[in-house]
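So the structure is just underneath, and the comments pick up after that.
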Amino acid sequence: MIPLTSQHLGANSAARPDWEDKYKKLEPLGVGGFAEVFKVRDLRTNEILALKVPNLADEEERRRFAREISTLQKLPHRNVIEIREAGYDWYAMPLAEGSLSSLAPELCDEERIEIITQAAQGLAAVHAVGLVHRDVTPSNILCVGGQWVVSDFGLVRKPEGLSSMPKTRGPLGTPGYRAPEVLVHGGHDVKHYADIYGLGQTIVFITTGRHPLTGGRPMVPGIWEELVVRMTAMAIAERFQSMDEVVAALSEVRTSLKARRRAEWPPRHLESENVTEALRQAELKVLAMIVQETSDGFREHEIRNSMPRRERGLFNIGFIGLKRRGFVENVYGDDDRHLGHRLTESAHDWLLSNAELLLGAMSSPKSDDDPPPPGDDDNIPF
Ligand SMILES: Nc1ncnc2c1ncn2[C@@H]1O[C@H](COP(=O)(O)OP(=O)(O)O)[C@@H](O)[C@H]1O
Ligand SMILES: [Mg+2]
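Have a look at this one:
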């Protein structure tokens, strides 16, 4: 172990930190309980990164920071913060867009499920190497390039061993997110169940915007309730037993959310009624056009080609509707050649008694001053 000097402890703060040869300090990003994080520019590559510098108060905290670095170095995982470069008392990492505590107000349920699933997968990787994070909170879950990662491994350690309650600073972890067994036993023998608890309380925060309370039934929206109850149970035996179980339960929440979204969607018969109405309008418009164009036979493609491109799709829809309705019939020459179309007897009968409807369809011609609607005619499959 490297002997600790007053310089390492930061007592001699006048000494120039060695990372300053490689990085230019930009604005501060956050100050946690143990460290300062700021934006930096890598002088070698010009890349913008985040740099974490702890304020080490004693030998124990130095060991803690060394453990944070070595844990991150041996844990490459898409849902764990990537360590880019590390020195004795600093490390560089990708710059995050924000944390779950700053971005929470912008999220919908689908995103919440996805984020918690990603965090749970990152934590599962931590647990898989026999470690416990012990400080799972919204501000320690960061968004980096659209992916969500677990960060701040300042309290990470193996579950067994002597008490690792920091001697110099209050109780371990963050109030509200600290599992009950941590309060009872201190840091000693805290297992991965504590991270399941912290992640459950994180869900309470991101679904309610309120700081989570310890104990009592969590007041979360219905879709989350069963999950959160099982993540934050006071008794470890009643909690999920692994992060894999949490991930499986999250996928059930996703399934019931999808079912709820479908149930909220307008019923199918309304949907088809609207379609019928839209078709009816298209038919009326085409009928009005034909009547304006000619009193006799007509060639459908001539009318269509005289129209702006964006209206041709609607013309086709209306024309097909009129044919089905028996309002339009084919006209053939003596040699059985197809000459064009004309309105049928029943169309003329209908026109006599529904002139008003037809006038309605004619009365909204596009004024030349009107700007054309956004052209999506290319999306109409005709
Ligand atoms: N990579 C990063 N990009 C942007 N901001 C960060 C990054 N890492 C940390 N921060 C900000 O700095 C704060 C403190 O960092 P953290 O590692 O949690 O230190 P502490 O151990 O002091 O809590 C975080 O809550 C976050 O707001
Ligand atoms: Mg933190």
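My numbering applies: residue 14 is where the sequence shown begins, and numbers increase by one.
Virtual Cβ for every residue (Gly too), placed ideally from N, Cα, C.
Given the structure is predicted, the values throughout are model-derived calculations rather than measurements.
Membership of L335 in the alpha helix (DSSP H) is indicated by the continuous run R322 to R337. W161 is bridged by DSSP to C156. Under the three-pair Cβ rule at 8 Å, the region 76-90 counts as touching the region 158-171.
Within a 10 Å sphere around the beta-carbon of I316 sit 16 or more other beta-carbons, which makes this residue buried.
Annotation for G339: T357 and S359 place their beta carbon closer than 7 Å to its own, counting only its chain and skipping 5 residues before and after.
Nearest in C-alpha terms to V142, of all of W103, H205 and P188, is H205. In this structure, DSSP gives D348 a state outside helix and strand, which the three-state scheme calls coil. Per DSSP, reduced to three states, the secondary structure at L226 is coil, with no helix or strand assignment. Here the distance from the Cβ of D55 to the nearest heavy atom of ligand 1 is not below 6 Å. Taking the Cα of D257 as reference, the smallest distance to any Cα among E277, L300, G43 and G135 is reached at G135. Judged by beta-carbon spacing, I61 lies beyond the 7 Å limit of I129, meaning their Cβ atoms are not closer than that value. Not one heavy atom of ligand 2 is found less than 6 Å from the C-beta of D71.
Taking all protein chains in view, the Cβ of E296 is crowded by 16 or more other Cβ atoms within 10 Å, so the residue is classified as buried.
Segment contact: the region 295-314 against the region 341-355, three or more CB-CB distances shorter than 8 Å; contact assigned. In the DSSP assignment, the residues bridged to G111 are C156.
Counting along the chain, the unbroken beta strand (DSSP E) around E40 starts and ends at Y36 to V44. Out of I236, L155 and G213, the CA that lies nearest to the CA of P225 is found in G213.
The beta-carbon separation of I219 and R147, rounded to 20 Å, does not stay under the 8 Å limit for a contact. Taking a 10 Å sphere around the C-beta of T150, we find 16 or more other C-beta atoms and assign the residue as buried. Fully enclosed alpha helix (DSSP H) runs of no fewer than 4 residues occupy 113-116 of the region 74-125, in order along the chain. A buried status is given to T245, since no fewer than 16 other beta-carbon atoms sit within 10 Å of its beta-carbon. Taking all protein chains in view, the Cβ of L56 is surrounded by fewer than 16 other Cβ atoms within 10 Å, so the residue is classified as exposed.
In the three-state reduction of the DSSP assignment, K52 falls in the strand class, which pools E and B.
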